[in-house]
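Those protein sequences? They're chains A and B, same order as listed. Whatever position you read off the first sequence (first residue = 1), add 195 for this note's numbering. Whatever position you read off the second sequence (first residue = 1), add 4 for this note's numbering. Glycine is no exception: its CB is placed at the ideal position from the N, C-alpha and C atoms. Model, not experiment: these values are computed from the prediction.
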Amino acid sequence: EPEVTQTPSHQVTQMGQEVILRCVPISNHLYFYWYRQILGQKVEFLVSFYNNEISEKSEIFDDQFSVERPDGSNFTLKIRSTKLEDSAMYFCASSLAGTSGSTQYFGPGTRLLVL
Amino acid sequence: AQSVAQPEDQVNVAEGNPLTVKCTYSVSGNPYLFWYVQYPNRGLQFLLKYITGDNLVKGSYGFEAEFNKSQTSFHLKKPSALVSDSALYFCAVRDINRGYGQNFVFGPGTRLSVLP
């Protein structure tokens, strides 16, 4: 069964450094998402992406964040200058369609620790 | 604004007994409702969803959920729990009236422990 993959599984970085989290969505999916889960808290939406454009973003997704689909398979989340509060599990998801009833399939996550 | 509540942080049930994990929601329009499960060190796995039609939906691993519009609830159930069902369960909602590329709003999660 096809699945969403994410690399790395764990990332430790110093405050102020840039990090890039990588995701390979399911191959025929067209809509891509990033969510984060701070330890012990709920899963929060960051951004959705379709047709090489951001379709929706949350208040969390400020100018420090950016997303890109650099080629036909990868979908990346970049944090330009990490803060301590960016420490979280970051989940990538993809869906075949973008309608509200479409199932999103999630990757295993990247645990980011900012020191 | 959309919101999801899962009133129980933790549910404990004995193996073989029925289990219920509760979820209530609030949306301005009609909801699409989802359940996901998270095993340790794993991502969120899709269990089932309600879009339209029969209020009782069946999903993976023997789980089912009942949509109750009057009570704005979408409780997850299983007739006979297994120890392997122990995990973190998330309810999520999307508003049917919102456009494409829309995100989920997740509940805080309920940790299910099935005791042997």
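Any idea what DSSP makes of D99/B, helix, strand or coil? As a working note, residue 99/B is residue 95 in the second sequence. Correct three-state label for D99/B: strand.
Just the C-alpha distance for V2/B and C95/B, rounded to the nearest angstrom, thanks. Because chain B here runs from 5 to 120, residue 2/B falls outside it and cannot be looked at.
Counting only Cβ pairs nearer than 8 Å, list the residues of chain A close to P112/B. Within the second sequence, numbered from 1, the residue matching residue 112/B stands at position 108. Q236, K237, listed in chain order.
Establish whether the CB of C218/A and some CB of chain B are separated by less than 8 Å. Reading the first sequence from its first residue, position 23 is the one you call residue 218/A. Cβ-Cβ to chain B under 8 Å: no for C218/A.
In the DSSP assignment, the beta strand (DSSP E) including Q209/A goes from what residue to what residue? Within the first sequence, numbered from 1, the residue matching residue 209/A stands at position 14. That residue, Q209/A, is in no beta strand (DSSP E); it is neither H nor E in DSSP.
Length of the line joining the Cα atoms of E12/B and P112/B: Looking up residue 12/B in the second sequence gives position 8. Looking up residue 112/B in the second sequence gives position 108. E12/B and P112/B: Cα-Cα distance of roughly 9 Å.
At the level of alpha carbons, what is the spacing between S290/A and Y54/B? Walking along the first sequence from the start, residue 290/A turns up at place 95. Walking along the second sequence from the start, residue 54/B turns up at place 50. The alpha-carbon atoms of S290/A and Y54/B are separated by roughly 16 Å.
Would you decide whether I274/A is buried or exposed? Buried here means 16 or more other CB atoms lie within 10 Å of its CB. Reading the first sequence from its first residue, position 79 is the one you call residue 274/A. Under this definition I274/A is a buried residue.
Please name the residues in the segment 275-298 of chain A whose beta-carbon is closer than 7 Å to at least one beta-carbon of chain B, in chain order. F286, G293, T294, S295, G296, T298
Can you find a CB in chain B that lies within less than 8 Å of the CB of F270/A? What you label residue 270/A is simply residue 75 of the first sequence in a count that begins at 1. For F270/A, the answer is no, since every Cβ of chain B falls outside 8 Å of its Cβ.
Which residues in the same chain have their Cβ closer than 8 Å to the Cβ of L308/A, if we skip the five residues on either side of it in sequence? By one-based count along the first sequence, residue 308/A stands at place 113. Contacts found: H205, Q206, V207, T208, S282.
Looking at the C-beta of P303/A, does it have a partner C-beta in chain B at a distance below 8 Å? On the first sequence, residue 303/A is found 108 positions in, with the first residue counted as 1. It does: the Cβ of P303/A has a partner Cβ on chain B nearer than 8 Å.
Contact defined as beta carbons within less than 8 Å: I believe G296/A pairs with G47/B. What is the distance between those atoms, to the nearest angstrom? Sequence index remark: in the first sequence, residue 296/A carries index 101 (1-based). Sequence index remark: in the second sequence, residue 47/B carries index 43 (1-based). That belief does not hold up - the Cβ atoms of G296/A and G47/B are roughly 21 Å apart, past 8 Å.
Coil, strand or helix - Y228/A by DSSP: Within the first sequence, numbered from 1, the residue matching residue 228/A stands at position 33. Of the three classes helix, strand and coil, the one that applies to Y228/A here is strand, per DSSP.
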